[in-house]
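Each residue of the sequence shown is one higher than the one before, starting from 28 at the first, in my numbering.
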Amino acid sequence: MTTKTAMITIAGRPNVGKSTLTNTLVGEKIAIVSPKPQTTRTRILAVTSRGDTQFVFADTPGFHKARTKLGTYMDNVVRQSVADVDAVAMLVEPAASIGPQERGLMERLKETGAPVVLAINKADTVQDKKNLLPVISLYSQAFDFDAIVPISAKTGEGVDELLQELDKFALEGPPLFPDDVISDQPEKQICAEIVREKLLLALDDEIPHGTAVVVTKFSERDDGIIDMDVTIYCEKKSHKGIIIGKRGAMLKQIGTAARQDIEAFMGTKVFLQTWVKVKENWRDSDALLHNFGFTDE
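#1: Can you give me the start and stop residues for the beta strand (DSSP E) that Lys304 sits inside?
#2: On the premise that Leu145 lies in contact with Val153, defined as a C-beta separation below 8 Å, what is that separation, rounded to the nearest angstrom?
#3: What number of angstroms, rounded off, separates the C-alpha of Glu199 from the C-alpha of Thr80?
#4: Kindly list the residues whose CB is nearer than 7 Å to the CB of Thr258, restricted to its own chain and excluding five residues on each side of it in sequence; keep chain order.
#5: Can you grab the Cα-Cα spacing for the pair Val186 / Ile253, in whole Å?
#6: Less than 8 Å between the C-beta atoms of Thr51 and Gly183, yes or no?
#7: Step through the CB atoms of chain C and report whether any lies within less than 8 Å of the CB of Ala73.
#8: According to the neighbour-count rule (16 or more other Cβ atoms, all chains shown, within 10 Å of its Cβ), is Lys279 buried or exposed?
#9: Report all residues from its chain with a CB closer than 7 Å to the CB of Phe196; omit the five preceding and five following residues, and keep chain order.
#10: Mark Arg286 as exposed unless 16 or more other C-beta atoms lie within 10 angstroms of its C-beta, in which case mark it buried.
#11: What separation, rounded to the nearest whole angstrom, lies between the Cα atoms of Lys267 and Glu134?
#12: Relative to the C-alpha of Met28, which candidate in Gly272, Glu247, Glu214, Asp206 has its C-alpha closest?
#13: Report back the beta-carbon spacing between Phe82 and Leu226 to the nearest angstrom; my notes put them in contact at under 8 Å.
#14: From which residue to which residue does the alpha helix (DSSP H) around Ala284 run?
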């Protein structure tokens, strides 16, 4: 039975492995993952219990310089997420240099005064672990971390040690979520994000960043089969043609890959229909950002 809780924000530059770590901690795919930066756009809460502690992790967008209103929204999410939490897990890569994004994030963390545990991710890519010592030394001099733990979000290496360090900041109190809850994200939202992940994996860099995915129909039949309609919004007519592909081949590929993951997540058969519509410059439209769920409320 959980008697303690710990609210932990996972923060770091884009593409450092925050969503992979979130999924590893929970043991389920609730945050989408791709090699492209800025995959995560909103704050996703992931819930897991270890021993007598319920951990609530906030997976945040990568800390970056905003170029659109969507980018500004994403940066605000990061800033709000590192305030009023019990601790922050800051993820970095195993490189003996500190980039401007890491320095900017550390400045923000200094302002909050929250305890910070540094997780040096992708430790599985370092053959000789002695090569991590210069990285640890460099970050130790740059910031007063409460602990530094090499981990691999991909393999799970060091994740238990990270949880042990974060457990030190847990507070006595009842659980924040019921035992069977693993995320604050509605099933519809997770399904929409799975479709967006397949767009990110299948298309060239700029096109998927100009897409938003909305589930417009989500109904369950008596036999448990789910009927789902999904609309993919893109910014240009030319992008629509690329997403659909020759004779619909690309859209079919994206839909098939998404359906397989959605069925695994939902645990039932899914009939998925996808549509593509053009909404020019939606990333800079307050009204459309609100319609697509990017709100500060």
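Glycine included, C-beta positions come from ideal geometry on N, C-alpha and C.
Owing to the predicted nature of the structure, the values given are computational and were not obtained by experimental measurement.
Judging by the given coordinates:
#1: Residue mapping note: residue 304 aligns to position 277 of the sequence shown, counting from 1. Annotation for Lys304: the continuous beta strand (DSSP E) segment containing it runs 297-305.
#2: One-based indexing of the sequence shown puts residue 153 at position 126. One-based indexing of the sequence shown puts residue 145 at position 118. Leu145 and Val153 do not touch by the CB rule: their CB atoms are close to 15 Å apart, not below 8 Å.
#3: Here residue 199 refers to the residue found at position 172 when the sequence shown is read from its first residue. Here residue 80 refers to the residue found at position 53 when the sequence shown is read from its first residue. The straight-line gap from Cα to Cα measures roughly 9 Å.
#4: Residue mapping note: residue 258 aligns to position 231 of the sequence shown, counting from 1. For Thr258, where only same-chain residues beyond five positions count, the Cβ hits under 7 Å are Val241, Thr243, Trp302, Lys304.
#5: Taking the first residue of the sequence shown as 1, we reach residue 186 at position 159. Taking the first residue of the sequence shown as 1, we reach residue 253 at position 226. Approximately 35 Å between the Cα atoms of the pair.
#6: Within the sequence shown, the letter at position 24 stands for residue 51. Within the sequence shown, the letter at position 156 stands for residue 183. In contact: Thr51 and Gly183 (Cβ atoms closer than 8 Å).
#7: The question asks about chain C, but that chain is absent: this structure has only one protein chain.
#8: For the purposes of this step, residue 279 is identified with residue 252 of the sequence shown, where counting begins at 1. Here Lys279 is exposed, its C-beta having fewer than 16 other C-beta atoms within 10 Å.
#9: Stepping through the sequence shown from its first residue, residue 196 is reached at position 169. Excluding positions up to five away in sequence, the list reads Ala33, Asp113, Ala114, Pro142.
#10: Reading the sequence shown from its first residue, position 259 is the one you call residue 286. Buried, by the Cβ-count rule.
#11: Position 240 of the sequence shown holds residue 267. Position 107 of the sequence shown holds residue 134. Their backbone Cα atoms lie some 41 Å apart in a straight line.
#12: Counting from 1 along the sequence shown, the entry for residue 28 is found at position 1. Selected option, being the one with the closest Cα: Asp206.
#13: The residue given as residue 82 occupies position 55 in the sequence shown. The residue given as residue 226 occupies position 199 in the sequence shown. Actually they are not in contact, since the Cβ atoms of Phe82 and Leu226 sit about 30 Å apart, beyond 8 Å.
#14: Taking the first residue of the sequence shown as position 1, residue 284 is located at position 257. Segment 276-293, the alpha helix (DSSP H) holding Ala284.
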